[in-house]
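Enquirer: Following the UniProt record's numbering, the numbering of the sequence shown begins with 1 at its first residue and continues without gaps.
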Amino acid sequence: YKQININGAVRRGLRPLHYAVFENDLECVRLLIEDHGVDVNVLDDAGYSPLHLAAKYG
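(1) In terms of DSSP beta bridges, what is R11 paired with?
(2) Nearest by alpha-carbon distance to A20: which of A55, K56, P50 is it?
(3) Evaluate residue 66 with the Cβ neighbour count: other Cβ atoms within 10 Å of its Cβ, from every protein chain shown; 16 or more gives buried, anything less gives exposed.
(4) Using a Cβ-Cβ cutoff of less than 8 Å, which residues in the same chain neighbour G58 once the five nearest sequence positions on both sides are dropped?
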């Protein structure tokens, strides 16, 4: 399998954690944070963290 950067941007600075939060996929969010140690404070190109998206989109 190919190694990937779990904190790497996909597009527009969005990371996998941003997408999981936006899709309200709590299991994926948990896995990314607890099992893979993603950076929860990372910002996208617009300056939003995953927490900002969670607050905005629920």
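We put the beta carbon where it would ideally sit given N, CA and C, even for glycine.
Expert: Reading it off the structure:
(1) The partner list for R11 (beta bridge, DSSP) reads L14.
(2) P50
(3) No statement about residue 66 is possible, as the shown extent of the chain runs from 1 to 58 and does not include it.
(4) N24
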